[in-house]
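**Student:** One line per chain: the protein sequences are E and X, in this order. Everything in the first sequence is counted per the working numbering, starting at 1 for the first residue and increasing by one. Everything in the second sequence is counted per the working numbering, starting at 1 for the first residue and increasing by one.
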Amino acid sequence: MPGENIILLGVNHKNTPVEIREQIAVSGGYEEPLAALKQIAGLRECYLLSTCNRVELLLVAEPQFDIEDKVVAFLFGEQIPRTEANHYLYLLYGQEAVHHLFMVAASLDSMVVGEVQILGQLKEAYRHAARFGCTGPLLNKLLHKSFSVAKRVRSETAIGSSAVSISYAAVQLARKIFGNLKDKKVLLIGAGEMAELAAEHLVGQGVAEVIVANRTLSRAVDLAKRFHGKAISIGELVPQLEHVDIIISSTGATDIILHKDEVKSVMRARMNSPLFFIDIAVPRDLDPRLIEIDNVYLYDIDDLSNVVEINKSERDKEAVKAGRIVDEETLKFQRWYQGVAVTPTIQALKKKLDDIALGELEKTLARMPQVDDIDRKTLVKMVEAMVAKILHDPLMYLKSESCAGRDNSDLKVTIVRELFGLTKEEDGR
Amino acid sequence: MEELTYLLFQAILGIAFVVTAAYLVYFISQNKQIRKIARVLMVVSGVLQSLYILVRFALAGYTPITSQHEAVFFFAWATTWAYLSFRWRHSVKNFGTFVSVLIFCLIVISSFSEKKIDPLLPALQSLWLPIHGGVSLIAYGFLSLAFCGGLMYLLLERELKSKKFGYFFSRFPSLDALDQLNNHCLTAGFIFLTIGIVTGSIWARQAWGTYWQWDPKETWSLITWFIYLVQLHQRFTVGWRGKRAAVMAVIGFTAVIFTLWGVTYLLGGVHSYAR
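#1: Roughly how many angstroms separate the alpha carbons of residue 164 of chain X and residue 255 of chain E, rounded to a whole number?
#2: With a floor of 4 residues, list each alpha helix (DSSP H) that falls wholly inside the segment 196-262 of chain X, ordered by position along the chain.
#3: Say whether the segment 57-73 of chain X touches the segment 116-131 of chain X, bearing in mind that this needs 3 or more beta-carbon pairs closer than 8 Å, one atom from each stretch.
#4: Provide the residue(s) that pair with residue 45 of chain E in DSSP beta bridges, ordered along the chain.
#5: Give me the Cα-Cα distance between residue 78 of chain X and residue 137 of chain X, rounded to the nearest whole angstrom.
#6: Leaving out five residues on either side along the sequence, give the residues of the same chain with a beta carbon under 7 Å from the beta carbon of residue 259 of chain E.
#7: Could you tell me the boundaries of the alpha helix (DSSP H) in which residue 453 of chain E lies?
#8: List, in order along the chain, the chain E residues whose C-beta lies closer than 8 Å to that of residue 176 of chain X?
#9: Along the chain, where does the alpha helix (DSSP H) that runs through residue 276 of chain E open and close?
#10: Looking only at its own chain, which residues have a Cβ that is under 6 Å from the Cβ of residue 200 of chain E, when we skip the five neighbours before and after it?
#11: Could you give the residue range of the alpha helix (DSSP H) that holds residue 349 of chain E?
#12: Within 10 angstroms of the Cβ of residue 426 of chain E, are there 16 or more other Cβ atoms? Answer buried if so, exposed if not.
#13: Bridge partners of residue 211 of chain E, per DSSP?
#14: Mind listing which residues of the segment 154-166 of chain X have their C-beta closer than 7 Å to chain E's C-betas, in chain order?
#15: On a CA-only basis, which of E:272, E:388, E:15 is nearest residue 354 of chain E? Give me that one, please.
#16: What residue from E:49, E:67, E:16, E:22 has the CA that sits closest to residue 6 of chain E's CA?
#17: Examine chain X for any beta-carbon lying closer than 8 Å to the beta-carbon of residue 168 of chain E, and answer yes or no.
#18: Could you check whether residue 91 of chain E and residue 9 of chain E sit closer than 8 Å to each other, using their CB atoms as the reference points?
#19: Could you tell me the alpha carbon to alpha carbon distance between residue 198 of chain X and residue 309 of chain E, rounded to whole angstroms?
#20: Using the three-state DSSP reduction, which class does residue 316 of chain E fall into: helix, strand or coil?
#21: Quick one: list the residues of chain X neighbouring residue 280 of chain E, beta-carbon separation under 9 Å, in chain order.
#22: Relative to the alpha-carbon of residue 218 of chain E, which residue among E:336, E:85, E:233 has its alpha-carbon at the smallest distance?
#23: Looking at chain E, which residues of the segment 91-102 of chain X have a Cβ within less than 8 Å of any of its Cβ atoms?
#24: Among the residues of its own chain, which have a CB less than 8 Å from the CB of residue 422 of chain E, if the five just before and after it don't count?
#25: Looking only at its own chain, which residues have a Cβ that is under 7 Å from the Cβ of residue 266 of chain E, when we skip the five neighbours before and after it?
#26: In chain E, which residues lie less than 7 Å from residue 239 of chain X when you measure between Cβ atoms?
#27: Give the residues from the segment 221-248 of chain X that approach chain E closer than 8 Å (Cβ to any Cβ), ordered along the chain.
#28: Just how far apart, CA to CA, sit residue 176 of chain X and residue 235 of chain X?
#29: Is residue 274 of chain X close to chain E, meaning its C-beta is less than 8 Å from at least one C-beta of that chain?
#30: CB-CB under 6 Å to residue 118 of chain E, same chain, minus the five flanking residues each way: which ones, in chain order?
#31: Helix, strand or coil for residue 296 of chain E? Go by DSSP, reduced to three states.
#32: If the criterion is Cβ atoms closer than 8 Å, does the pair residue 150 of chain X and residue 182 of chain X meet it?
#33: Where does residue 171 of chain X sit, in a helix, a strand or coil, going by DSSP?
#34: So what does DSSP say about residue 112 of chain E, is it helix, strand or coil?
#35: Are the segment 34-45 of chain X and the segment 57-68 of chain X touching, with three or more C-beta to C-beta distances below 8 Å?
#36: Along the chain, which unbroken stretches of the alpha helix (DSSP H) at least 4 residues long are found entirely within the segment 38-101 of chain X?
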């Protein structure tokens with residue numbers, strides 16, 4: 001790949017401990033670091049991504065400049081010496097850099113593979129880079145491509161649909177039972193952290209109301225306030241079952257707090273509409289025999305962990321599929337990039353003119369036996385000089401500095417290629 | 001002309017097979033492209049089935065629901081269009097797979113019986129034939145959808161209760177969606193069934209002089225009707241839903257099938273024209 005000047009470097013959660021990442025992470029917004037990056041000589045385009053799990057730079061550099069050291073120094077600052085930095089850093093060029101970018105965008109490089117935030121973070125970072133004029137035609141194209149790769153992975157694989165946390169699993173099961181969660185009510189028994197998290201996810205799915213029951217009412221009131229719900233005392237539990245649909249229990253009680261008979265007695269008043277119990281307390285809060293009641297579903301922490309395990313293996317399968325899509329798109333981008341790169345265009349242009357000139361010369365000389373070797377060399381020299389002179393202006397045009405800070409080399413490459421018919425020849429090959 | 005109808009029937013049989021195969025492939029692979037094909041072909045199949053019935057109507061001069069072949073084919077047609085009308089309003093994930101298998105089975109069964117067009121028996125020469133027979137078979141169409149939905153409900157419910165998530169968990173819609181499907185199809189089926197029985201009774205009064213003569217078919221229709229009545233009544237009063245409703249849909253459908261075939265072949269009676 002002629003893209004030796006696309007460089008990606010950064011650190012992520014895989015090989016850099018959080019203490020190091022903390023020092024690198026861009027905390028004060030993108031503006032300052034991007035401005036600093038622009039000062040580095042030989043840097044044509046740049047883009048910076050900073051999330052809690054990774055800091056990455058994507059650069060387009062002039063081939064003759066050696067900018068890596070400067071960028072690494074910029075990234076790690078003075079505190080961390082280069083030798084130590086090398087330990088954490090990954091530095092990728094050309095095709096590998098493109099591949100890595102696509103992997104990140106498609107959420108295949110994330111800590112939680114398939115999570116959805118990364119694409120938003122990528123877009124945010126790109127917006128900043130574009131606003132400060134740091135990106136040019138190549139990065140614009142590359143980053144937009146990475147968004148569409150992410151979209152393709154999302155739509156063609158089920159990578160994002162498999163939830164891999166306990167609270168996601170609870171939501172997933174609730175959706176399997178109730179379909180739409182919009183008009184459903186959630187009852188939290190006890191105010192554990194895990195229960196809170198699960199409730200948060202359910203609220204994210206748009207449940208109608210959250211009711212909190214706790215032994216100490218004040219804690220219940222606090223938690224209820226967070227979800228704009230109401231608080232009840234633990235004694236009101238059974239009558240509440242008539243109105244709620246999803247019950248998450250996580251009290252520290254040592255005994256069962258809800259028995260089969262109690263639940264069975266409310267089913268008639270509920271007109272048998274389903275009840276979904278989630279028991280994440282250890283020891284368990286809910287009678288395991290609840291499951292024997294029609295339209296009652298009971299899952300304890302182990303059951304939910306099983307769901308998580310199934311989801312994980314399911315997701316790994318999808319990740320393989322997603323990886324293939326990324327490979328494919330990387331190749332496609334490479335092919336496009338070859339088409340627009342300056343260097344191969346120059347080579348192709350030179351080759352074309354040389355071929356024509358020397359070819360014609362050969363033909364002519366074949367009909368002129370009187371020409372001796374010395375004359376022949378002179379003629380060759382003359383033809384080569386002509387080719388060089390003809391080439392001079394197009395080459396200057398191709399290599400010329402960007403005007404008004406805007407690099408339009410891909411436009412120039414396209415013009416030259418069309419003008420000299422270079423595209424057609426390559427297609428015909 | 002008869003040859004043409006024969007060819008048309010073969011084409012329908014072929015398309016029904018392709019639809020079923022496509023739905024099964026979609027069920028396994030979850031490839032959306034294939035589902036699209038299956039959906040389009042399902043509509044094509046429905047249109048061709050309608051055409052076949054119209055052609056037979058034109059040739060015979062009466063509504064083609066008297067012979068075994070015709071009745072079962074009309075049953076398949078009713079199921080197809082009940083599904084398409086339902087599909088048009090509610091989308092239930094992977095429901096088409098189950099329904100397409102059922103439709104294919106019905107068309108195959110109809111292909112085994114005599115397809116010759118016979119002149120209509122004098123007893124059946126009445127305007128009540130299309131009304132009573134047609135409405136009853138349309139009722140069966142909706143009830144068979146409820147059966148498919150009930151079957152899916154039971155499969156998914158078992159996985160949810162046993163907490164062993166197998167093949168169906170990710171492929172099935174929510175229990176709630178299946179329960180609603182059951183409810184809609186049972187209600188529609190029950191209304192048509194009621195109309196079918198009432199019109200049959202009126203016709204019986206005209207043809208045989210009595211509204212009800214406890215002919216095996218009548219008896220079994222009534223049993224079927226009561227099964228569905230109990231289910232609907234319980235749903236509205238004490239909220240029979242979910243598993244019980246699904247079981248009732250399956251039991252009710254067994255009664256439907258018995259009324260359609262069991263009575264004709266095992267019990268006989270005045271209704272046994274179609275053999």
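Each residue gets a CB set at the ideal place from its N, CA and C atoms; glycine is no exception. Predicted model, so just to flag it, every value in this text is computed and none were measured.
**Tutor:** This is what the structure holds:
#1: It is roughly 27 Å from the alpha-carbon of residue 164 of chain X to the alpha-carbon of residue 255 of chain E.
#2: Within the segment 196-262 of chain X, the complete alpha helix (DSSP H) segments at least 4 residues long are 216-238, 243-257, listed from N- to C-terminus.
#3: yes
#4: E:60
#5: 7 Å
#6: 287
#7: Examination of residue 453 of chain E is not possible in this model, given that chain E is present from 1 through 429 alone.
#8: Below the 8 Å Cβ cutoff, chain E contributes 177, 178, 179, 180, 274 as neighbours of residue 176 of chain X, in chain order.
#9: Not the alpha helix (DSSP H): residue 276 of chain E falls in the beta strand (DSSP E), residues 275-279.
#10: none
#11: Residue 349 of chain E: member of the alpha helix (DSSP H) spanning 342-366, first to last residue.
#12: Any answer about residue 426 of chain E is weak, because its pLDDT of 46 lies below 50 and its placement is not dependable; what the coordinates show is given next. Residue 426 of chain E should be labelled exposed.
#13: E:187, E:230
#14: 160, 161, 163, 165
#15: E:388
#16: E:67
#17: Under the Cβ criterion of 8 Å, residue 168 of chain E is not counted among the residues facing chain X.
#18: yes
#19: 56 Å
#20: helix
#21: What residue 280 of chain E touches in chain X: nothing, since even the nearest Cβ is about 15 Å away.
#22: E:233
#23: none
#24: 345, 348, 349, 352, 416
#25: 238, 241, 242
#26: 271, 272, 273
#27: Per Cβ criterion, the list reads 238, 239, 240, 241, 242, 243, 244.
#28: 14 Å
#29: Note that residue 274 of chain X has pLDDT 47, beneath the 50 cutoff, so the model's placement of it is unreliable and the number below is only indicative. No - not a single Cβ of chain E is within 8 Å of the one on residue 274 of chain X.
#30: 107, 110
#31: strand
#32: yes
#33: The answer is helix: DSSP assigns residue 171 of chain X an H, G or I state.
#34: Reduced to three states, the DSSP call for residue 112 of chain E is coil.
#35: Contact between the segment 34-45 of chain X and the segment 57-68 of chain X is absent, with fewer than three C-beta pairs closer than 8 Å.
#36: 68-89
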